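So the sequences go chain by chain: A and B. In terms of my numbering, the first sequence opens at residue 19 and continues consecutively. In terms of my numbering, the second sequence opens at residue 125 and continues consecutively. Where is the CB? At the ideal position from N, CA and C, for every residue including glycine. Fair warning: this is a prediction, and the values are worked out from it, not measured in the lab. Here is the structure we will look at, set down as structure tokens.
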Amino acid sequence: MSKMMMTKKGKIADLRSAEEIKAERRKGRTGVYLVVPGMLVLFLFFALPVIVLLSMSLYARPEGAEIGEFVPALEFGNYVTVLSAYWSELVRSFGFALIATVLALLIGYPMAYLVAVRLRQHGLLQGILLVLLIAPFFSSFILRTQAWKQILADEGWVAQTLKLIAVLPVDGHLTATPFAVVAGLTYNFLPFMVLPIYANLGRLDTRLLEASGDLYASPMTSFFKVTLPLSAPGVFAGTLLTFIPAAGDYVNAALLGNNRNTTMIGQVIDSRFFKVIDYPGAAALSFVLMLSILILVTLYIRRFGTKELM
Amino acid sequence: MKQKIGRWIIPAIGGLAFVYLLVPIAYIFVFSFNDAGRTNLEWRGFTLDNWQNPCGAPAVCESLVNSLQVGVVATIVSTALGTCIAIGLVRYKFRFRKLTDVLIILPLATPEVVLGASLLAQFLNLGWELGYTTIVIAHIVFCMSFVIVTVRARVSSLDPRLEEAAADLYSTPRAAFWKITFPLLVPGIVAAALLSFAMSFDDFIITNFNSGTFQTFPKFIYVAATRGIPAQANVIGSAMFIVALLVVIAGQVMAYRRRKRLAQG
Chain A
19 MSKMMMTKKG KIADLRSAEE IKAERRKGRT GVYLVVPGML VLFLFFALPV
69 IVLLSMSLYA RPEGAEIGEF VPALEFGNYV TVLSAYWSEL VRSFGFALIA
119 TVLALLIGYP MAYLVAVRLR QHGLLQGILL VLLIAPFFSS FILRTQAWKQ
169 ILADEGWVAQ TLKLIAVLPV DGHLTATPFA VVAGLTYNFL PFMVLPIYAN
219 LGRLDTRLLE ASGDLYASPM TSFFKVTLPL SAPGVFAGTL LTFIPAAGDY
269 VNAALLGNNR NTTMIGQVID SRFFKVIDYP GAAALSFVLM LSILILVTLY
319 IRRFGTKELM
Chain B
125 MKQKIGRWII PAIGGLAFVY LLVPIAYIFV FSFNDAGRTN LEWRGFTLDN
175 WQNPCGAPAV CESLVNSLQV GVVATIVSTA LGTCIAIGLV RYKFRFRKLT
225 DVLIILPLAT PEVVLGASLL AQFLNLGWEL GYTTIVIAHI VFCMSFVIVT
275 VRARVSSLDP RLEEAAADLY STPRAAFWKI TFPLLVPGIV AAALLSFAMS
325 FDDFIITNFN SGTFQTFPKF IYVAATRGIP AQANVIGSAM FIVALLVVIA
375 GQVMAYRRRK RLAQG
């Protein structure tokens, strides 16, 4: 307040910084008009449905009822039933998502670094690679996953070559394996990892690296002490944007997996809803999935989070 | 020696990763020229038939038109509502700010299966018939959070002194908004709209939960995948990719020109 200077008409002379002006938000009706319609949509079709889902997860099936007939109840046993039946699918989903996230980070960081830092002086090449990085967002991901399935198929040349050089046993498969599902997850969510890291590394001041080099840091040390910490917010956002959708995904598991040891929780939820018509069970599993992700994400934010994320 | 390896290892891994990213897209493109017949699984010879007659296979174009219709409506509504929220939240005072923040961020931290399942539970409860309307609503909901986050970042990076300066020059708040603030927000709004459209157009999981018998392009491919996808789907996939490339390139060129203009001006 001290920096404000009142002029004759009581108008505030502009001695404040941008931050100070920003901090002072306006009051008024306009704000309400702007925010209420959208928030109403979010309330009616996000918040309320989650509550409906929660209540549906406690429904009970009366004795002798027809398929798909349930009555409102407080049947907490539903959770016990589905958790004991599908515990391994739940754990597997998080395991696959975790491996895919780590792989996407290991592949995606060099990509982002290449485009954002190494090619900074080569505008055209940088532009081309950036375009190639964004463009997969616009091409159908199911079509791409299906393409992988055909590329890695038993008759395909990749599998044949690997068998020829004895990397893969003669009766081995590339598709319909956990390997294929994790590779598919990694592939499909890779751009979500790369783009936030790219955005962060794009702002990296390379003079800092020169400075650390001048102070006798090896390139390796410079990377781990300067570059990586400065790009941490990007890595943080990228890992969340990869892990969350990967944990709930079922397209990769359905197209690239088999039905024995690759089933993910999303597939189970889908089939309990549509094939088995077990709404309470599906709802309970959905709720468990949502809650476990929220808990994991909260723990992760507590541990590594930065303010910049929000 | 060690230095040299270090110099090359990042371009090498990065380059390989780009190949990994683009292999399936190249595959889709090549097989759009396959003289495939009913199943497009192995190479049977080059043809232009599929490109000349992209609607040749049953239901391909129908599902494409459906997806475009859903995408356009969902994009317009979610961008409009989301932009209003972003501006309102940055510029105005509110009670319940924590609550609104949670309501905006939570859909982003919710996997698609859960969003899809909860909306389905809601629609079942309301007794609504699944179809076009329910898909559009579902898409609006999951696109809106992305729009809010994208545009909000843009709004809060604006220098508020610009509006104050306009006010000092006797501009009404309304004129200052439309002449100063809004033009500066346009690139962010366009980016958010493109993102929304891409997500809506490509969405499968949420759509699958809330569409009933309504066919969208991703749904069509997913169902066709068990029997073999017609080559016409590859044509449409490739064409989409090319259009996307052109849009992204145009965006890059515009951003480049803008930077240049700002640097000169």
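- At a C-beta separation below 8 angstroms, V149(A) has these neighbours in chain B: L369, V372, I373, Q376.
- Residues of the same chain with a CB within less than 8 angstroms of the CB of L143(A), apart from the 5 flanking positions on each side, are L137 in chain order.
- The beta carbons of V184(B) and P354(B) sit about 6 angstroms from each other, so the pair counts as a contact at 8 angstroms.
- Note on geometry: alpha-carbon atoms of Q178(A) and R290(A) lie some 38 angstroms from one another.
- When C-beta atoms of the segment 182-194 of chain A are compared with those of the segment 359-366 of chain B, fewer than three pairs fall below 8 angstroms, so the two segments do not count as touching.
- By the criterion of a C-beta distance shorter than 6 angstroms, T204(A) is surrounded in its chain by A118, L121, A122, once the five residues flanking it on both sides are discounted.
- Within the DSSP secondary-structure output, Y216(A) pairs in no beta bridge.
- Residue environment analysis places I85(A) among the exposed positions, since fewer than 16 neighbouring C-beta atoms fall within 10 angstroms of its C-beta.
- For L258(A) and A290(B), the gap between their C-alpha atoms comes out near 40 angstroms.
- Rounded to the nearest whole angstrom, the C-alpha separation of L286(B) and P311(B) is 18 angstroms.
- For E236(B), the residues of chain A that pass the 7 angstroms Cβ criterion are P263, G266, in the order they occur in the chain.
- For the pair I228(B) and Y131(A), the CB atoms are not nearer than the 7 angstroms cut-off.
- Y144(B) is bridged by DSSP to nothing; it lacks a bridge partner.
- For the segment 210-244 of chain A, the residues whose beta carbon sits under 8 angstroms from a beta carbon of chain B are, in order, P237, M238.
- Contact residues of the segment 235-260 of chain B toward chain A are P235, E236, V237, V238, L239, A241, S242, L243, L244, A245, Q246, L248, N249 (C-beta to C-beta distance below 8 angstroms).
- Residue pairing from DSSP places F170(B) in a beta bridge opposite N158(B).
- Within the segment 209-225 of chain B, the residues whose Cβ lies closer than 7 angstroms to some Cβ of chain A are I209, I211, G212, L213, R215, Y216, K217, F218, T224, listed in chain order.
- Counted as a single uninterrupted DSSP element, the stretch harbouring Y77(A) is not any alpha helix (DSSP H), since DSSP gives it neither H nor E.
- Burial of Y268(A) is indicated by the presence of at least 16 other C-beta atoms within 10 angstroms of its C-beta.
- In the three-state DSSP reduction, V89(A) falls in the strand class (E or B).
- When Cβ-Cβ separations below 7 angstroms define contact, A141(B) makes contact with chain A.
- Taking 8 angstroms as the upper bound for CB-CB distance, Q339(B) and E186(B) are in contact here, some 7 angstroms apart.
- The Cβ of D326(B) sits closer than 7 angstroms to at least one Cβ of chain A.
- Residue pairing from DSSP leaves Y346(B) without any beta-bridge partner.
- Bounds of the alpha helix (DSSP H) holding N358(B) are 355-388.
- Close to V68(A), with beta-carbon spacing below 7 angstroms, are these residues of chain B in chain order: S242.
- Between the alpha carbons of Y297(A) and G336(B) lies a gap of roughly 16 angstroms.
- For E84(A), there is no enclosing alpha helix (DSSP H), as DSSP marks it with neither H nor E.
- Judged by DSSP in its simplified three-state form, V294(A) adopts coil rather than helix or strand.
- Counting only Cβ-Cβ distances below 8 angstroms, R321(A) has no contacts in chain B at all, with the closest Cβ about 16 angstroms away.
- Taking C-beta atoms as the reference points, V149(A) and V197(B) fail to come closer than 7 angstroms.
- Closer than 8 angstroms at the C-beta level to chain B, one finds these residues of the segment 276-308 of chain A: I283, G284, I287, D288, F291, Y297, A300, A301, S304, F305, L307, M308.
- The Cβ of S158(A) sits closer than 7 angstroms to at least one Cβ of chain B.
- A direct Cα-to-Cα measurement between V201(B) and I264(B) gives close to 7 angstroms.
- Around W166(A), the beta-carbon contacts reaching into chain B at under 9 angstroms are V147, P148, Y151.
- If you draw a straight line from the Cα of Q164(A) to the Cα of F321(B), it comes to about 22 angstroms.
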